[in-house]
Amino acid sequence: MGPLNKLVFALGPLSGVPLSGCGRNSVGAKSPLTNAYGEAEVGGFWGAELKRAGYDAIILEGKSSTPCYLWIKDNNVGIRDAAAIWGMEIADTHAALRRELGDGRIRTSIIGPAGENLVRYACIMNDVKHAAGRTGLGAVMGSKNLKAIAVRGTRMPEVADKETIRGLQKWIANNFKSRTHLWKYGTGADIEGYNLTGNLPVKNYKKGYFNHAREISARRLSDIFTDKMGTCHSCVVRCKKEVYGTTATIPIDPAYGGPEYETIAQFGSNCMVDDPEVICKAHELCNRYGMDTISAGGTIAFAMECFENGLLTTSDTNGIELSFGNAQALLDTLSLIAHKKGIGALLAEGSRRAARKIGNGAEAFAMDVKGLELAMHEPRLMKGMGLHYSVHATGADHVTGVFDTHLSKDTVKVENWQMVDSSAAPVPPDELSPRKVNMLYRVELWSQLLNSLVLCAFVPYRYDQIRDAVRAVTGWSLSYEALMKCTERSIALMRIFNLREGFNRSDDRLPDRFAEPPEEGALADESINPPELAEMQEIYYQLMGWDYQGKPTNAKLDELDIRWAEEYLN
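Sequence positions in the sequence shown follow our numbering and run 1493 to 2062.
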C-alpha cells in the first residue's frame, strides 16, 4: 500500500460500444491482501462513461497529502478536495459528488470506509452497487487518499463497422433468454442444485450439505426482495438482482442492489446462516462500506471455526458469540471489520494474516490460496477449478477458471470449445487427469480473453462472434489465434509479476482441508490427492510453456515477444 504501487483502471477495445457485455472495466495493482498480482473486474456504467470521455486507461501513482477525488469531464481533468466526503459511505458519496458537480448523469468509482481504513480486502464500487471486489484494490485506492473518480463523457466511441455491431446486438437480444436463470434470478439460481452435487461450500468447507439451501436460494430471495432485475451499459441480459419492493423485517437499502451466488453462499451456507434477510443485509453492509463479500465472508467463517475450537473467545471478539449460524454476530462483525475496531482490526487483515497472529493451528482453518480467500466453488467436486485455484496468479479466484460441471456433458459451452479444439470432449467434473488439464488450459485462455477484452462472461457469445466484434470495432483483421496469443501473453506476465515479488511453485497449493473429504453430502468420498495435483500442475506448466518450477521458458518469452521480462524470472 505504498505510494510506488500503481493503481490502474483499464478498458478494452470493445468498451463503451452499444453491445451487451461491453460496460465493464478492469482494475489492477499489487494486492495488499496477497502481495501478489491483483486484479478485479466490474460492471455497471462507469467504464463506458470513461470511454465516452475519451480514455482507455487511468494510471495512478504516488499519494496525495490530503483526501482528494479525480474529476474527468471529456478533456478536462482535475484533482479536487475530498475533505467533505471522506468518511462517507458509498451511496452518500455518490450522491454528494453528483450534487457538488451539478450533473445527475455523472458516473462514479468510489471507496467507502473500508478502503479509507485500509481493510486488506476493501473493494471499489462503481455507481453504488457494482463491485470491483477481489484482491483488496480499494485499500490501494485508500492508501493514495483517493476517495473517488467521477466521470462524465459526451462522445460516442468510434466503431469501424457499425452494421456488424448492430447485428451482434440483435442476435444477443434474440438468444440470451436461453440462460433463463440469469435474467430471472441471477447467479444464485444454482444454489439448490449446487447443494445436491456438493458444490455449495458449507461451514468453512468442512461440511458438504446445507439443510437450509432452499431458504437462501435466489428463488426464495426473489419472493421476499426482488421485483425486477437490473443491468449494465447496453446489456439486454439484465442479470443484476435488485431489492425493490422488500417486505423484509430488517431494513434493507435498495440502493445497494441484491446478493448474487458468491455472496449468498459465503454469508449463508459457509457461515451456516439460514436467514435470507440477514444475507441481504450483509451484502448491503459490504457494498455500503466497500468490502469484498467473498473475502469478508471467508474471513468471518475462518473466525467462526477458530471460535468453535477455542482459539478465539468472547474476550477476543468484543463479547460477540462468533459461532456458526449466529446471524447477528455476522452483521456486527462486518461493521467492526470495516471500521477496524476490536476483533475487526484483526479480521481486516484477511484470514491468512489473522491465522498467523492467532497461532495454535489456526492456519488449518484459513481457506485461501496465496492469501486470497476461496470463491464459492468446491474444488473436491470441480477439480479443474481446484487446479486453477492453485496456479492462478491472483489466488483462489473463479472468474477465469474452468467450471467443470458446465463442461461435463454436451452443452453450448462444449460446442464453443470444440470450435477451437475439434478433439475436445466432455470430462467428468471430479476427474483430475491430463485431459482435464488440457481442458483447463483452453478454457482459461478463453476466460482470460474475455477479461483482456473486458467483456462480460454472462453474455453467450461464440468465439467467432467475439473475433468479429473486435474486428468491427477496431478495423483490425485479427484472427482468433492472434487474440489467444495476446491472452497467453497476459497470463505469462501475471506469472512473471508474482515471480518478481518472490512467489514460486510452493505457493501453488490448496489448503490441506481439501486432501480430506467433507463430513457429509455428495462428496463424502471425494478429496484431492496432493501428489496427483502436483503432477497435473506440471502438465499445466508444460502447456503454458513454463518449466517444472512454473517459470516461463526463454523460448516462450520469445514466442510471446516479452523477452524483456527475463530479468524478473530470478
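Glycine is no exception: its CB is placed at the ideal position from the N, C-alpha and C atoms.
#1: Could you compute how far the alpha carbon of ASP1548 sits from the alpha carbon of ALA1856?
#2: Classify THR1806 as buried or exposed, calling it buried when 16 or more other Cβ atoms lie within 10 Å of its own Cβ.
#3: Count the C-beta pairs between the segment 1835 to 1853 and the segment 1985 to 2005 that are closer than 8 Å, then say yes if the count reaches three, no if not.
#4: DSSP three-state call for THR1627: helix, strand or coil?
#5: Going by the CB atoms, is the gap between GLY1842 and TYR1613 shorter than 7 Å?
#6: According to DSSP, which residues form a beta bridge with HIS1622?
#7: Return helix, strand or coil for ASP1573, following the three-state DSSP convention.
#8: Going by DSSP in three states, MET1986 sits in which element: helix, strand or coil?
#9: Taking only the alpha-carbon atoms, compute the straight-line gap between CYS1615 and PRO1505 and give it to the nearest angstrom.
#10: So, are the CB atoms of GLU2012 and GLY1700 less than 7 Å apart?
#11: In terms of residues, what are the limits of the beta strand (DSSP E) holding ALA1837?
#12: Does the contact criterion of 3 or more C-beta pairs under 8 Å hold for the segment 1549 to 1569 versus the segment 1523 to 1540?
#13: Find the nearest neighbour of ALA1587 within the set ALA1640, ILE1550, GLN1820, judged by alpha-carbon distance.
#14: Measure the C-alpha to C-alpha separation of LYS1720 and ARG1712 and round it to an integer number of angstroms.
#15: Looking at C-alpha atoms only, which residue of HIS1622, GLU1650, THR1627, SER1601 is the closest neighbour of VAL1611?
#16: Flag this pair as touching only if the segment 1649 to 1658 and the segment 1952 to 1969 have three or more C-beta atom pairs under 8 Å; answer yes or no.
#17: Helix, strand or coil for TYR2049 per DSSP?
#18: What are the start and end residues of each continuous beta strand (DSSP E) run of 3 or more residues lying completely inside the segment 1634 to 1666, in chain order?
#19: In this structure, how does DSSP classify GLU1707 when only helix, strand and coil are distinguished?
#20: Start and end of the alpha helix (DSSP H) containing ASN1779?
#21: Using C-beta distances below 8 Å, list every residue in its chain close to GLY1834, excluding the 5 sequence neighbours before and after it, in chain order.
#22: When burial is assigned at 16 or more other CB atoms within 10 Å of the CB, is ILE1958 buried or exposed?
#23: For ILE1551, which residues of its own chain have a beta-carbon under 7 Å away from its beta-carbon, when the five flanking residues on both sides are left out?
#24: With a threshold of 7 Å on Cβ separation, who are the neighbours of GLY1467 within its own chain once the five nearest residues in sequence on each side are excluded?
#25: Report all residues from its chain with a CB closer than 7 Å to the CB of HIS1880; omit the five preceding and five following residues, and keep chain order.
#26: In terms of residue numbering, what span does the alpha helix (DSSP H) encompassing LYS1607 cover?
#27: What span of residues does the alpha helix (DSSP H) with ASN1696 cover, start to end?
#28: What did DSSP end up calling CYS1560 once you bin it into helix, strand or coil?
#29: What is the rounded straight-line gap between the Cα of PRO1926 and the Cα of ASP2004?
#30: Could you round the C-beta distance between VAL1735 and ILE1744 to whole angstroms and report it? I think they count as a contact, below 8 Å.
#31: Which one or two residues does DSSP pair with LEU1499 in a beta bridge?
#32: Can you tell me which of TRP1578, TRP1563, SER1507 puts its alpha carbon nearest to the alpha carbon of LYS1543?
#33: Kindly list the residues whose CB is nearer than 6 Å to the CB of VAL1491, restricted to its own chain and excluding five residues on each side of it in sequence; keep chain order.
#34: So, at 6 Å on beta carbons, what are the nonlocal neighbours of LYS1832 in its own chain, with the 5 sequence-adjacent residues on each side left out?
#35: Just to confirm, is the Cβ distance from ASP2000 to VAL1883 under 7 Å?
#36: Report the CB separation of MET1859 from TYR1697 in whole angstroms; it is logged as a contact under 8 Å.
Checking against the coordinates, here is how it stands:
#1: 43 Å
#2: exposed
#3: no
#4: helix
#5: yes
#6: ASN1618
#7: strand
#8: helix
#9: 24 Å
#10: yes
#11: Premise fails: ALA1837 lies in the alpha helix (DSSP H), 1835 to 1839, not in any beta strand (DSSP E).
#12: no
#13: ALA1640
#14: 14 Å
#15: THR1627
#16: yes
#17: Note that residue 2049 corresponds to Leu in the displayed sequence, not to Tyr. Of the three classes helix, strand and coil, the one that applies to LEU2049 here is helix, per DSSP.
#18: 1638 to 1644
#19: coil
#20: 1768 to 1781
#21: THR1809, ASN1810, LEU1828
#22: buried
#23: LYS1498, VAL1500
#24: Here the chain covers residues 1493 to 2062 and nothing more, so residue 1467 does not appear.
#25: GLY1893, VAL1894, LEU1932, GLU1936
#26: Just to set this straight, residue 1607 is Gly in the shown sequence, not Lys. Where GLY1607 is concerned, the enclosing alpha helix (DSSP H) stretches over 1605 to 1608.
#27: ASN1696 -> no alpha helix (DSSP H), and no H or E assigned at all.
#28: strand
#29: 23 Å
#30: 5 Å
#31: LEU1552
#32: SER1507
#33: Lying outside 1493 to 2062, the shown extent of the chain, residue 1491 is not represented and no answer is given.
#34: ASN1609, ALA1840
#35: yes
#36: 5 Å
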